[in-house]
Amino acid sequence: MATWTKRVAVLLPAACLLASCIQDEPLNAEADILSCDLSSDKDILVVQADTAMAITSTTEKIDINVQLGADLHARAPKFHLTEGATISPANGSVHDFSEGKSVRYEVTSQDGKWKRTYYVSYVSYELTTSYHFEDYVLPSNGKYQLICEQVDGRLMLNWWGTGNPGYSLANSLATPTEYPTAIVPGGRSGNCLQLITRSAGVFGKMAGMPIAPGNLFLGSFNVSDALRAPLEATHFGIPFRQIPTTIKGYYKFKSGDQMTDGKGNEIAGKDDFNIYAMLYENTDEDGNHVVLDGTNSNDSPYLVLYGKIEGQGEADEWTPFSFDMKAMNGKVIDTEKLARFGYSFSIVFSSSLKGDLFTGAVGSTLMIDDVEVECK
Amino acid sequence: MMKKRFSIIVGLTLIAALAYAEGERAPQSQPEGESYFTAKLGYGVGGTSPLPIPAEIREIKGFKPLCNLSVQGLYRIALSERWGIQPGLRVERKGMTSDANVKNYGMTITDDEGGTVSGRWTGDVRMTADMIQLTLPFSAAYRCSSRWDLHAGLYMGFLLRHKFYGEVSNGYLREGDPTGAKIEIDDQPQTFDFSEDMRNLQIGLTAGLDYRIYSRLGVFADLNWGLNNIFVKDFTTITFNMYPIYATIGLSYSLK
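Chains as they are written, first to last, in this note's numbering: chain R, 2 to 377; chain W, -15 to 240.
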C-alpha cells in the first residue's frame, strides 16, 4: 500500500518532467563586432601592437587610428563577430577609406532576428591640445551625450570617455543633462563641461557604487565592466606624439552637502574635485598593448609623466588652474618611440576627489572650460 | 530542505503502515452511497514551470520544493451508490526554488526602491516561486471499491501571498534587447523580484485517488495542474507562461 502511494508520488512528477525536456540550444541572438583584426593594417596603425582592437558593446562608430599620410584607398579590415553572426559587406572585403570615407557594415545575428549597424573609418587626426567643451552628439538610444571634439569640421567621438553609460543602468529615466557628465551652456564662452556627483540609487548601492561622480577622461569607457569591476571600465589614454609639460584651464566648484563613504554611510567633511593627467608607455616589453585604467593610473610601472591639481577648493567664479607634469618611475622620453605613437596621454576630470572609491557628496558640481595642454 | 522533505515522507509512510497493521479488519464497515466530511493533511512536491521548457533554459542545475503543507476539508455528496460530487476548501502552499542556466532570457534586474535594468540575460538564474493560496476544489468522485476512491475536477485558487524572486550571476545582460549594451555580472549576484506581477486567481485541473486503511483513516495522492500563467497578461519580461504543477500526498480522516 505504502508502495502505491510512493509510486504515485514518484510517477506524477516524473511524468511532468518527461513532458518538459531541455530543448536544443537556440541560435545566438547577438550581432556584435567583438574586435577588429587589423593585421593587414599593421604597418599604418598608430599603435602597432593594437591589431586586435577590442570593440565595446555600445560602440556604433569604429575609428581605426592610423598614421598621417597612410594610403587608405584599399583597406580590408576584418572583424571578429558574435559566434554564428554574419557581416555585410563581406568580412575582409576591400574598401576605399580615403578622405575620411566611412563604410557601413551590417551584422546579422545567427538566428537572423537581430541586426547591428557599424560605421568604420580610418582616422589619422592627432589628438588636439586645447579643449573648449562645445560639442556633443546624442547616440541612437538618445540617453546621454557623447562628448566630442571638432577637428577640421569632423567630430572626434572616440577621444573623450565618461561613466555615463554606467549611470544609465542606475537611472534609466534620466535626461541627458541629468547624467553626471554633460556639456551645458554657461561657459567662459559658449558651452562648458559640467560634472555633477549623482546618487547611483539603490541599484548602485547594491552594486557597491552608491554615488556616480561626474567624470570625463581621454580614453574610453567599457560599460560591460561597469557593474563587475567599475574601475577597470575606465580605459585611459589616446596615442600622443608630444611631451605634455603643463595642464591649464578654468574651473568652478561647489561641494555637495553630505559626504558618504563607499558603502553609502554618511561621513563628516567636504567634497573636493580632482584633475590629473598622465603619459604612459602603451606597449610592454613583449609588444603587447598596455591600457591604464582606474585601478593603476597613479602607480603603474608604465607611467612616464604624471601631474595632479593641488590646492583646489570651492570657487563660485571661473578660476584658473595649472599643474605641471612630473617624471615617473625614473623614465625619460624616448623620442623615437614618441614619434611612433608609443605613448598614450590622458587627462581625467572628476567631481569627487575620491570618486574612484565611491566616496563623495551627491551634488558636488565641477564646471570646466578652456583646457590647454602645453607641450614641448 | 531535502532532509525535511524526506522525513515528512517517511513520517507519513510510517503512520500509514502502522494504521494498516492495526486496521486490517476495518474497511467493510464503510457504508456506500453515504455523504460525509473528510479532512486531509498533505505535503506537496512540484514546481512552477513553463511547459514545455523553452529553449532559453539550457540546464536545470538544481530544484528544491519548499515546505508545501496543505490542509483541506471536503464534503462528499453521494449521488448514487458509486458516484458523488466533492466540493472542498483548502489552504496550501506551492513553493519551490530552482537553479538554472539560461541563454537570452527576458530579465529585469531590480531592487526594492524601483531601480531597474531590463534586457536579455545569459547566465545563471536562481529563482524562488512561493504562493500561499485558498483553493476551492470541485470534483466528481467515484468509488471503485470499499478501499479505493477516485476523483477528478477543477480548482480555483485565490492567492493569499505570492512571491517570485531570485538572483542572476555569472553571465551578462544585454540592455533592452540582444543588441543593447552588454553588462557583465560575475559571481556577486544581482537580484530580481516579479512578485508584484503575479495574478491573484489561479484555475486548474485536479485529480487523485484515496485509499482507506482504517474505517476513518486513509492516505491520498492528488495532482493539481495549473492552467493559467502565474503572471498577469501585461507582464512581458519573462517571455513564456509558467504554470504551477504540484503533486500532493498525505493523510485523510473521514467523519461519519
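We put the CB at the ideal spot given by N, CA and C, even for glycine. Small disclaimer: the values here were computed from a predicted structure and weren't measured.
For residue i, the first and last residue of its enclosing beta strand (DSSP E)
i: Ala338(R); result: Reading off the sequence shown, one finds Lys at residue 338(R), where the question assumed Ala. Per DSSP, Lys338(R) belongs to no beta strand (DSSP E); it is in the alpha helix (DSSP H), Thr336 to Ala340.
i: Glu150(R); result: Leu147 to Val152
i: Tyr344(R); result: Tyr344 to Ser351
i: Glu375(R); result: Thr366 to Cys376
i: Pro162(W); result: Note, Pro162(W): premise wrong, no beta strand (DSSP E); not H, not E.
i: Ala227(R); result: Note, Ala227(R): premise wrong, no beta strand (DSSP E); not H, not E.
i: Glu43(W); result: Ile41 to Pro49
i: Pro240(R); result: Ile239 to Phe241
i: Leu189(W); result: Leu185 to Arg196
i: Ala254(W); result: Residue 254(W) is absent from the model: chain W starts at -15 and stops at 240.
i: Glu31(R); result: No beta strand (DSSP E) holds Glu31(R); DSSP gives it neither H nor E.
i: Lys116(R); result: Lys116 to Val124
i: Lys249(R); result: Pro245 to Lys255
i: Gln174(W); result: Gln174 to Asp177
i: Arg76(R); result: Careful: Arg76(R) lies outside any beta strand (DSSP E) and carries neither H nor E.
i: Leu39(R); result: From DSSP, Leu39(R) is part of no beta strand (DSSP E); its letter is neither H nor E.
i: Lys102(R); result: Premise fails: Lys102(R) is in no beta strand (DSSP E) and is neither H nor E.
i: Ser89(R); result: Thr87 to Ser89
Test item: CB-CB of residue i and residue j under 8 Å
i: Ser99(R); j: Leu73(R); result: yes
i: Asn216(R); j: Thr163(R); result: yes
i: Leu196(R); j: Ser41(R); result: no
i: Ala362(R); j: Asp262(R); result: no
i: Phe21(W); j: Leu193(W); result: no
i: Thr221(W); j: Thr32(W); result: no
i: Ile229(W); j: Gly210(W); result: yes
i: Ala23(W); j: Gln70(W); result: no
i: Ile26(R); j: Arg196(W); result: Before going on, a small fix: residue 26(R) reads as Glu here, not Ile. In this structure, Arg196(W) does not lie closer than 8 Å to Glu26(R) by Cβ.
i: Ser19(W); j: Arg74(W); result: no
i: Gly72(W); j: Leu50(W); result: no
i: Tyr120(R); j: Ser103(R); result: yes
i: Lys147(W); j: Thr112(W); result: yes
i: Ala213(R); j: Ala230(R); result: no
i: Phe342(R); j: Pro240(R); result: yes
i: Gly141(W); j: Thr163(W); result: no
i: Ile334(R); j: Phe350(R); result: no
Counted within 10 angstroms of its Cβ, other Cβ atoms place residue i as buried (16 or more) or exposed
i: Tyr139(W); result: buried
i: Thr223(W); result: exposed
i: Tyr237(W); result: exposed
i: Trp105(W); result: buried
i: Cys128(W); result: exposed
i: Ile268(R); result: exposed
i: Pro181(R); result: buried
i: Val48(R); result: buried
i: Ala5(W); result: Residue placement at Ala5(W) is poorly supported in this model, since its pLDDT is 46, which falls under 50; the coordinates still yield a value, given next. The residue in question, Ala5(W), is exposed, as its Cβ has fewer than 16 Cβ neighbours within 10 Å.
i: Cys37(R); result: buried
i: Asp357(R); result: buried
i: Gly68(W); result: buried
i: Leu185(W); result: exposed
i: Gln117(W); result: buried
i: Phe80(R); result: buried
i: Val108(R); result: buried
i: Asn289(R); result: exposed
i: Ala53(R); result: exposed
i: Ala340(R); result: exposed
i: Glu8(W); result: Residue confidence is low: Glu8(W) scores 45 on pLDDT, short of 50, so the model does not pin down where it sits. Its coordinate-derived value is still stated next. Classification for Glu8(W): exposed.
i: Leu235(W); result: buried
i: Arg199(R); result: buried
i: Asp51(R); result: buried
Range covered by the alpha helix (DSSP H) that runs through residue i
i: Gly167(R); result: Asn165 to Ala171
i: Ala23(W); result: Not the alpha helix (DSSP H): Ala23(W) falls in the beta strand (DSSP E), residues Tyr20 to Ser33.
i: Ala234(R); result: Pro231 to Ala234
Residue i versus the options, residue with shortest Cα-Cα distance
i: Asn159(R); options: Ser301(R), Asp64(R), Ile45(R) and Asn266(R); result: Asp64(R)
i: Thr246(R); options: Glu315(R), Tyr119(R), Val374(R) and Asn283(R); result: Val374(R)
i: Ala75(R); options: Asn142(R), Asp294(R), Tyr123(R) and Arg189(R); result: Tyr123(R)
i: Gly209(R); options: Ser301(R), Glu315(R) and Thr360(R); result: Thr360(R)
i: Leu174(R); options: Asp153(R), Asp44(R) and Lys144(R); result: Lys144(R)
i: Asp136(R); options: Thr130(R), Cys149(R), Thr129(R) and Lys332(R); result: Cys149(R)
i: Leu156(R); options: Gly167(R), Ala227(R) and Tyr132(R); result: Tyr132(R)
i: Leu147(R); options: Pro240(R), Asn165(R) and Ile276(R); result: Asn165(R)
i: Gly167(R); options: Thr129(R), Thr118(R) and Phe222(R); result: Phe222(R)
i: Lys48(W); options: Leu134(W), Arg200(W) and Asp83(W); result: Asp83(W)
is_contact[residue i, chain B] using C-beta, thresh 8 Å
i: Cys193(R); result: Among the chains of the structure shown, chain B does not appear; the protein chains present are R and W.
Could I get the ranges of all uninterrupted beta strand (DSSP E) runs contained in the stretch 280 to 331 of chain R, with 3 residues as the minimum, in chain order?
-> 304 to 309 and 316 to 325
Enumerated in chain order, which unbroken segments of the alpha helix (DSSP H) with a length of 4 residues or greater are wholly contained in the stretch 66 to 147 of chain W?
-> none
Taking the runs of the alpha helix (DSSP H) that are 4 residues or longer, which of them lie wholly in the stretch 176 to 228 of chain R?
-> 202 to 207
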